[in-house]
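In terms of the numbering used here, the sequence shown opens at residue 1 and continues consecutively. Notes for the one structure printed next.
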Amino acid sequence: MKQHNNNKAYGRGYRWSLADDEYLKNNYANGNLEEICKFLGRNYNTVQCRARTLGLKRNKMLMAHNRSKQVLDKKLSKYFGNEQYFSSLNEESAYVLGFIITDGCIEVRKDRMVKSLSMALNLSSKDEYILYNINKSMQANFPIYKNLRRKMSALTIRNQKICNDLLDKWKVVPRKSLVVNCPNIEAPLIPHFLRGVIDGDGTIQKGKKPRIAIYSGSKKFTDGIIGLLGKLNVFPRIYLDKRSKNINYVIRINKIKDILALYDLMYSTNNDLYLTRKKEILDKVKHKYS
Numbered sequence: 001m002k003q004h005n006n007n008k009a010y011g012r013g014y015r016w017s018l019a020d021d022e023y024l025k026n027n028y029a030n031g032n033l034e035e036i037c038k039f040l041g042r043n044y045n046t047v048q049c050r051a052r053t054l055g056l057k058r059n060k061m062l063m064a065h066n067r068s069k070q071v072l073d074k075k076l077s078k079y080f081g082n083e084q085y086f087s088s089l090n091e092e093s094a095y096v097l098g099f100i101i102t103d104g105c106i107e108v109r110k111d112r113m114v115k116s117l118s119m120a121l122n123l124s125s126k127d128e129y130i131l132y133n134i135n136k137s138m139q140a141n142f143p144i145y146k147n148l149r150r151k152m153s154a155l156t157i158r159n160q161k162i163c164n165d166l167l168d169k170w171k172v173v174p175r176k177s178l179v180v181n182c183p184n185i186e187a188p189l190i191p192h193f194l195r196g197v198i199d200g201d202g203t204i205q206k207g208k209k210p211r212i213a214i215y216s217g218s219k220k221f222t223d224g225i226i227g228l229l230g231k232l233n234v235f236p237r238i239y240l241d242k243r244s245k246n247i248n249y250v251i252r253i254n255k256i257k258d259i260l261a262l263y264d265l266m267y268s269t270n271n272d273l274y275l276t277r278k279k280e281i282l283d284k285v286k287h288k289y290s
């Protein structure tokens, strides 16, 4: 903003020009008072006194909104993370994206008058370690809350850049269960994305007939996962879970050769982003049939 003349000519005691008054009338209600004072070359009390003389009032709704935003910004400033984490995917962020799409949730929060996005990942306390591993991967200190009564742990991300990337770039929408799409994942990252999907909303059955199952209420997401598996030469079957009250699609990988191929691809990584209990089952399958 260009400053109005100089402070010496427009300090306390100098007359207000018609241009000064016009500027104050146009900007006082919604403008930033610090910027207004700077532009006019006058101090805060002088500007406030002139505004009262002219019968001007501040926009109370805007003032309340700004105060709420300042409170929220201060509250969130103690948390940090890599804001570019989901701008483009790598092996680690592809896994986390798969986990969030299947087992996380995006919601629009309202703190007083300020709307903001939030992402939460709620898991059983026995899997809490993966939340710390995700925080580590994101170079973040996002809070992890524990509910001892329910034996649940939750990672909460309120960084607006990260949440907006999840929403806009990867289409992780609020209330996504029945409508979420499967994102377009580059070929080298498909196994890591699928590892996140299976850890988030999949089961691995052991015993005489090992199988991997992935569950979703979204037909579009189910079709997308089938397509990604096909690119890895894994061809599952799809079922409609009739036991569920809601529509629930089940992708089932039954063939041992497909399970072993997927195992080799999904765990061809040196990072610690995987649920140990699920990997241990597949370790046994691998040992038995190799």
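Note that beta-carbon positions come from the ideal geometry of N, C-alpha and C, so glycine has one too. If you're wondering where the values come from, they're calculated on a predicted model, not measured in any experiment.
Would residue i count as contacting chain B if we go by Cβ distances under 8 Å?
i	result
residue 120	Any reference to chain B falls outside this structure, which holds one protein chain only.
Shortest alpha-carbon distance to residue i belongs to which of the options?
i	options	result
residue 99	90, 202 and 226	202
residue 290	273, 268, 269 and 260	260
residue 88	143, 162 and 180	162
residue 351	236, 117 and 273	Outside the shown range of the chain (1 to 290) lies residue 351, about which nothing can therefore be said.
residue 186	50, 94 and 17	94
residue 263	271, 272, 286 and 243	286
residue 46	15, 284, 59 and 58	15
residue 247	254, 211, 91 and 218	218
residue 188	134, 284, 268 and 153	268
Near residue i, what residues of its chain come up, given a Cβ to Cβ distance below 7 Å and the 5 sequence neighbours on each side ignored?
i	result
residue 239	250 and 252
residue 139	81 and 82
residue 27	36
residue 151	124 and 125
residue 51	24 and 28
residue 5	Annotation note: pLDDT 48 at residue 5 (below 50); position unreliable, no value reported.
residue 221	180, 181 and 182
residue 169	86
Just verifying my parser: in three-state terms, what is the DSSP assignment at residue i?
i	result
residue 186	coil
residue 266	helix
residue 279	helix
residue 227	helix
residue 81	coil
residue 98	helix
residue 234	coil
residue 142	coil
residue 196	helix
residue 51	helix
residue 167	helix
residue 45	helix
What are the residues that DSSP puts in a beta bridge with residue i?
i	result
residue 202	214
residue 152	124 and 147
residue 109	116
residue 250	215 and 239
residue 157	119
residue 104	121
Once you ignore the five residues that flank residue i on each side, which residues in its own chain have a CB closer than 8 Å to its CB?
i	result
residue 225	182, 194, 197, 214, 216 and 251
residue 1	Per-residue confidence for residue 1 stands at a pLDDT of 46, beneath the threshold of 50, marking its modelled position as unreliable; the derived number appears in the next sentence. Answer for residue 1: 35, 38 and 39, listed in chain order.
Throw me the rounded Cβ distance for the residue i and residue j pair, which I believe falls under 8 Å.
i	j	result
residue 275	residue 127	6 Å
residue 278	residue 199	6 Å
residue 179	residue 172	Not quite, the Cβ-Cβ distance comes to about 11 Å (not below 8 Å), so this is no contact.
residue 33	residue 44	7 Å
residue 79	residue 142	6 Å
residue 210	residue 266	The Cβ separation is near 15 Å, so there is no contact.
I'd like the list of long-range same chain contacts for residue i, defined as Cβ closer than 6 Å, with 5 residues on each side in sequence excluded.
i	result
residue 8	Low confidence applies here, because residue 8 scores a pLDDT of 40, under 50, leaving its location unreliable; read the following figure in that light. Excluding positions up to five away in sequence, the list is empty.
residue 281	204 and 206
residue 237	252
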